[in-house]
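Here's the structure, in structure tokens; my notes come after.
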Amino acid sequence: MPITFKELKGPKGLPVIGNLHKIELENMHNQLEGWADEYGKVYKLILGPSKLTVITDPDITQEILRERPGKFRRMVKMDEVMEEVGVHGVFNAEGEEWKAHRRIVNKGLDVKHQQQFYPEIITSVERLFNKWNNMVDQDQSFDIQQDLLRFTVDVTTSLAFGYKMNTLEEEGGVIQEHLEKIFPMIFKRINAPIPFWRYYKTKTDRIFDHAVVEINKLVDEFIASGKERLIAQPELKTKPSNFLESLLVAAEEEDSLTDEDVRGNLLTILMAGEDTTSHTLAWTIYLLAQHPEIQTKLHNEANKILGEKRWLENYSDHTSLVYAEAVAMETMRVKPVAPLLLNEPIEDVEVGDYLFKKGSRLLIESRYAGMQEEYFTNSNQFNPERWIKQEKGKCPMGHDTKAFVPFGSGPRFCPGKNLALLEMKLVLSMLMKNFSVELITPKEDVREVMAFTMMPSSYLVKLARRK
Ligand code: HEM
């Protein structure tokens, strides 16, 4: 007989509220990992009226993620919260509708568009270099996370709207100011056992509502000018120059895609593409600061591939930045920024030894498996070499990639993976070609903070110029 929810173990709870009083949202992923040590790879949590099955087993994780959109879907509650914000796009669409959204989003983010868009990314890499070069001239320690966020904001906004954003050199960045209020609130609401905000609005709810209205207004303005551009320059229809134009062309071709869907997907790309990439870079730099020997290896690779240049000028050379990619992968194993994946079965489904009932809530915690000795040898060590294939195309040590899902898995895996890796390799190779990095904030003071994505608490670094 398969194991049902009732039979699962889990932390002891109180009457009515269950384990709710124990949850610390900002630290939830660490709590979930601690309970997996105590109660096993699959266990239960009761949060007031919500019953959650927590999954850290990689085989079960892979099967759930693979069986979408047929047998599993993203958690209904997530969709409800996102719809309230006006986001209806590829992240929260389901079934046939998701397939249509996904086709269009894949196209907008494919290699051809990435290549076409490369000069824009390089402009932002150059601005980042200038900023950091200035910091060295001034002998200043600084908050590098802010620069990384501005970099991904500029790249993602230009990609999404074709709007040449320059928050790296100019103050402002209205879109980002609004998004900063929206992200943490979405995470809070998804995790809230009772939707209080629907009955009573606190000051933070009102600030959130205002940010939502404003961002929707801004995106509508971008859509209107995108439509005007397509009328004025019909040749763009065969060669859209940004994600917005690709969506508008697709909407003309596929009747099922409405203006609301276009807006939803633009907001999705902004939400999915900025914090994820900048926080991963922030974790990478934090880890590099503790490993000067890895910095030297990155510097040597950058010297070889970039030659005399300060950053990578040729798009096609990015595939040669093998060590930089390995560093990014290893960072995502130990510090994945999206370690919580929320799904639910569309029907009663048996997976392995377990029965998951239709509509039950499944919370996948994805870091736990990647940190187990069973799947990765010396799993506690930060060792990029483990990602570099040696003779016979094998990695040098125990290396089971089924336990590594920082970009998700199956048909709904992250469509921005290639873009994110490209951005990370470009920033890392530029940084390490020209500078070495030192952490000024004591490393033990830097905490993991969960708020939609899992980011480092703020820290200061100092850069030194390489000879
Ligand atoms: C290091 C950077 C990133 C990480 C770690 C990351 C991680 C993820 C994860 C874990 C998912 C859920 C996958 C699943 O359910 O199986 C996802 C979905 C998604 N990501 Fe990313 N992501 C990153 C960057 C990006 C970028 C740059 C973009 C676009 C510009 C993007 C767009 C999306 C979209 C649209 C989805 C929803 C896909 C769907 O539901 O079909 N992501 N990402």
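For the sequence shown, the residue numbers in our numbering are 137 to 603. Beta carbons are placed, not taken as given, at the ideal position from N, Cα and C, and that holds for glycine.
Original post:
When the Cα atoms are used, what is the spatial distance from Arg286 to Lys337?
Top reply: Rounded to whole angstroms, Arg286 to Lys337 spans 31 Å at the Cα level.
**OP:** Please state whether DSSP places Met533 in a helix, a strand or coil.
**Re:** When DSSP states are grouped into helix, strand and coil, Met533 belongs to the coil group.
**OP:** Look at Glu480 and Arg238 and say whether their C-beta atoms are less than 8 Å apart.
**Re:** Glu480 is not a Cβ neighbour of Arg238, given a cutoff of 8 Å.
**OP:** Measuring alpha carbon to alpha carbon, tell me which of Leu393, Glu169, Glu381 ends up nearest Ala229.
**Re:** The residue from Leu393, Glu169, Glu381 with its alpha-carbon nearest to that of Ala229 is Leu393.
**OP:** Please confirm whether any heavy atom of the ligand HEM lies closer than 7 Å to the CB of Cys531.
**Re:** The ligand HEM has no heavy atom closer than 7 Å to the beta-carbon of Cys531.
**OP:** On a CA-only basis, which of Leu406, Glu444, Tyr459, Ala328 is nearest Glu429? Give me that one, please.
**Re:** Put simply, of Leu406, Glu444, Tyr459, Ala328 the residue whose alpha carbon is nearest the alpha carbon of Glu429 is Tyr459.
Subject >> Where Asn479 sits in the DSSP three-state scheme >> reply: Three-state DSSP puts Asn479 in a strand.
Original post:
Which stretch, first to last residue, makes up the beta strand (DSSP E) that contains Phe571?
Top reply: Unbroken beta strand (DSSP E) run through Phe571: 571-575.
Subject >> Contacting residues, own chain, Cβ-Cβ under 6 Å from Val385 (five flanking each side not counted) >> reply: If we look at Val385 and ignore the five residues flanking it on each side, its Cβ neighbours are Lys373, Pro376.
Subject >> Segment limits, alpha helix (DSSP H) that includes Ser361 >> reply: First-last of the alpha helix (DSSP H) with Ser361: 339-368.
**OP:** Round the Cβ separation of His224 and Asp397 to the nearest angstrom and send it over; I've been treating them as touching at under 8 Å.
**Re:** The beta-carbon distance between His224 and Asp397, rounded to whole angstroms, is 6 Å. This is short enough to meet the 8 Å contact definition.
**OP:** Evaluate the contact criterion for the stretch 535-542 versus the stretch 502-509: three or more CB pairs, one atom per stretch, below 8 Å.
**Re:** Output reads yes: the stretch 502-509 touches the stretch 535-542.
**OP:** Report the residue ranges of all alpha helix (DSSP H) runs contained in full by the stretch 252-332; include only those spanning at least 4 residues, in chain order.
**Re:** Those alpha helix (DSSP H) runs which fall completely within the stretch 252-332 and span 4+ residues are 280-297, 310-327.
Subject >> Runs of alpha helix (DSSP H) lying entirely within the stretch 142-211, each at least 4 residues, in chain order >> reply: Here the runs fully enclosed are 164-175, 194-202.
Original post:
When the distance is taken between beta carbons, is Lys180 closer than 8 Å to Thr189?
Top reply: Contact check for Thr189 against Lys180 passes: the beta carbons are separated by less than 8 Å.
Original post:
Who does Ala600 pair with in a DSSP beta bridge?
Top reply: BP columns for Ala600 point to Ser572.
**OP:** Using three-state DSSP, classify Ile524 as helix, strand or coil.
**Re:** It is coil, neither helix nor strand.
Original post:
When the Cα atoms are used, what is the spatial distance from Ile524 to Arg342?
Top reply: Going from the Cα of Ile524 to the Cα of Arg342 covers about 49 Å.
**OP:** Check whether the Cβ atoms of Val221 and Val241 sit closer than 8 Å, and answer yes or no.
**Re:** Cβ distance not < 8 Å, so Val221 and Val241 don't count as in contact.
Subject >> Leu498 versus Ser565: straight-line alpha-carbon distance, rounded >> reply: Distance between the alpha carbons of Leu498 and Ser565: 39 Å.
Subject >> When Leu491, Asn327, Phe265, Lys207 are compared against Ile482, the one with the closest alpha-carbon >> reply: Selected option, being the one with the closest Cα: Lys207.
Original post:
Taking buried to mean at least 16 other C-beta atoms within 10 Å of its own C-beta, is Met533 buried or exposed?
Top reply: Counting the other CB atoms within 10 Å of its CB gives Met533 a total below 16, which places it among the exposed residues.
**OP:** For Tyr335, count neighbouring C-beta atoms within 10 Å of its own C-beta (all shown protein chains included) and say buried if the count is 16 or more, exposed if not.
**Re:** With fewer than 16 other Cβ atoms from the protein chains shown falling within 10 Å of its own Cβ, Tyr335 counts as exposed.
**OP:** Using 7 Å as the cut-off, classify the Cβ of Ala425 as near or not near the heavy atoms of the ligand ATP, replying yes or no.
**Re:** Among the ligands in the structure shown, the ligand ATP does not appear; only the ligand HEM can be found there.
Subject >> the stretch 583-593 touching the stretch 403-422, judged by at least three CB pairs closer than 8 Å >> reply: They touch, by the three-pair rule.
Original post:
If you count every other CB in all the chains shown that lies within 10 Å of the CB of Arg522, and 16 or more means buried, which is it?
Top reply: Result: buried.
Original post:
Is Ile330 buried or exposed, if buried means 16 or more other CB atoms sit within 10 Å of its CB?
Top reply: Counting Cβ neighbours within 10 Å, Ile330 comes out exposed, since fewer than 16 surround it.
Subject >> C-alpha gap between Val585 and Leu161, whole angstroms >> reply: So the two alpha carbons sit approximately 9 Å from each other.
**OP:** Would you decide whether Glu437 is buried or exposed? Buried here means 16 or more other CB atoms lie within 10 Å of its CB.
**Re:** Taking all protein chains in view, the Cβ of Glu437 is crowded by 16 or more other Cβ atoms within 10 Å, so the residue is classified as buried.
Original post:
Under a three-way DSSP split, which group does Leu491 fall into?
Top reply: The answer is strand: DSSP assigns Leu491 an E or B state.
**OP:** Tell me whether the beta-carbon of Phe358 lies closer than 8 Å to the beta-carbon of Tyr299.
**Re:** In contact: Phe358 and Tyr299 (Cβ atoms closer than 8 Å).
Original post:
Would DSSP call Pro542 helix, strand or coil?
Top reply: Coil.
**OP:** State the Cα-Cα distance for the pair Ala600 and Glu574, rounded to the nearest angstrom.
**Re:** Counting only the Cα atoms, Glu574 lies some 8 Å from Ala600.
Subject >> Spatial neighbours of Trp268 in its chain, beta-carbon cut-off 6 Å, leaving aside the 5 residues before and after >> reply: Sequence-distant Cβ neighbours of Trp268 in its own chain, meaning closer than 6 Å and more than five residues away, are Leu599.
**OP:** Have a look at the DSSP bridge pairing and note the partners of Arg497.
**Re:** Leu188, per the DSSP bridge assignment.
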